[in-house]
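Here the sequence shown stands for residues -28 to -1, 1 to 212, where the numbers follow mature numbering (1 follows the signal peptide of the UniProt record, and there is no 0). For glycine and all other residues, C-beta sits at the position ideal for the given N, C-alpha and C. The structure displayed is predicted, hence computed values, not measured ones. Please read the structure below before turning to the comments.
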Amino acid sequence: MGSRGWNRCLALELLLLSLSLLAISIQGRLVHMTVVSGSNVTLNISESLPENYKQLTWFYTFDQKIVEWDSGKSKYFESKFKGRVRLDPQSGALYISKVQKEDNSIYVMRVLKKDGYEQEWKIKLQVLDPVPKPVIKIEKREDVDDNCYLKLSCVIPGESVNYTWYGELPKEIQNSVLETTLKPHKHSRCYTCQVSNSVSSKNGTFCFSPPCTAARSFGVEWIASWLVVTVPIILGLLLI
């Protein structure tokens, strides 16, 4: 065989090797899921299962078996998931009810095909609790010119969350603490702290009247009830 023939064989081998590596990378791809605690979750792959496979097994943390399907029967193993999981042999989907933060892990599905080869898929599940309503801590001081210096701290104990402040500000503040100054003879101002994670968010709002008087906080429920009462009155006046 000439050098041209060898080059063709080498190119073909490299092509087959790249396709093989691509298949491995696709099968070994890690899918991420983030859900709220207490919800029901479906772990599933985005592709069809191998036709007429021999065995299917779901693992928790690679080595702890959750359920195994073999010879037309599903066997559920003794684990913290027993009574909370159900397997669909046709799609390979694993249904888990009432997930908690302790269920965070990488879940592995392994399928044994008739030719003896095994395929594997991995899903990383992250379970987060809904964020609680924030508590706003207020520190204030006034000077002789009636300027009001405010330090507002949005407090969520023991939680890893994102903070955003809204109000009459030059821009949104991505911080748990807001420091600002109220000038005298200005109208009332309200500041809202939003705490959020990937699955939920909650707001806390506080208002101040000049020069440095704290008013009560309010929320969506209060605004909505005000609108329900006020809008019919305005419409009635317009029709007179």
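Spanning the alpha carbons of LEU154 and PRO106 requires a straight line of approximately 23 Å. Counting only runs of 3+ residues, the beta strand (DSSP E) found wholly inside the region 113 to 175 occupies 120 to 127, 134 to 139, 149 to 154 and 161 to 168, in chain order. Relative to the Cα of PRO156, the nearest Cα in the group SER43, ASN76, ARG113 and ASN24 belongs to ARG113. The three-state secondary structure of ASP87, taken from DSSP, is coil.
Apart from the 5 residues on each side of it in sequence, LYS109 sits with its Cβ closer than 6 Å to the Cβ of SER125 and VAL127 in its chain, given in chain order. Here the C-alpha atom of VAL99 lies approximately 34 Å from the C-alpha atom of CYS162. Sequence-distant Cβ neighbours of SER11 in its own chain, meaning closer than 7 Å and more than five residues away, are VAL71. Your pair LYS94 and LEU2 checks out as a contact, with CB atoms roughly 5 Å apart and the cut at 8 Å. Under the three-state reduction of DSSP output, ASP35 falls in the coil class, being neither helix nor strand.
With a cut-off of 8 Å on Cβ pairs, the region 77 to 86 is in contact with the region 27 to 34, counting three or more such pairs.
Counting other Cβ atoms within 10 Å of its Cβ, GLY176 reaches 16 or more and is therefore classed as buried. Just so you know, the alpha carbons of SER148 and LYS73 end up roughly 24 Å apart. Contact check for LEU84 and LYS26: beta-carbon distance about 5 Å, within the 8 Å limit, so the pair qualifies.
Around ALA187, the same chain offers CYS179 and SER181 as residues with beta carbons nearer than 6 Å, after the five sequence neighbours per side are excluded. When only Cα atoms are considered, THR152 and GLY139 end up about 11 Å apart.
Residue GLU40 holds the alpha-carbon nearest to the alpha-carbon of ASP60 among SER51, LYS123, GLU92 and GLU40. As the crow flies, the alpha-carbon of VAL133 is around 34 Å from that of GLY64. For the options GLU111, GLU144 and GLN166, the alpha carbon positioned closest to that of LYS123 is the one of GLU111. Straight through space, the alpha carbons of VAL57 and SER51 are spaced by roughly 10 Å. Across the structure, GLN62 and TYR48 are spaced so that their CA atoms are roughly 17 Å apart. Taking a C-beta distance under 7 Å as the contact criterion, PRO102 and SER170 do not qualify as a contact pair.
Here DSSP, grouped into helix, strand and coil, assigns LYS70 to coil.
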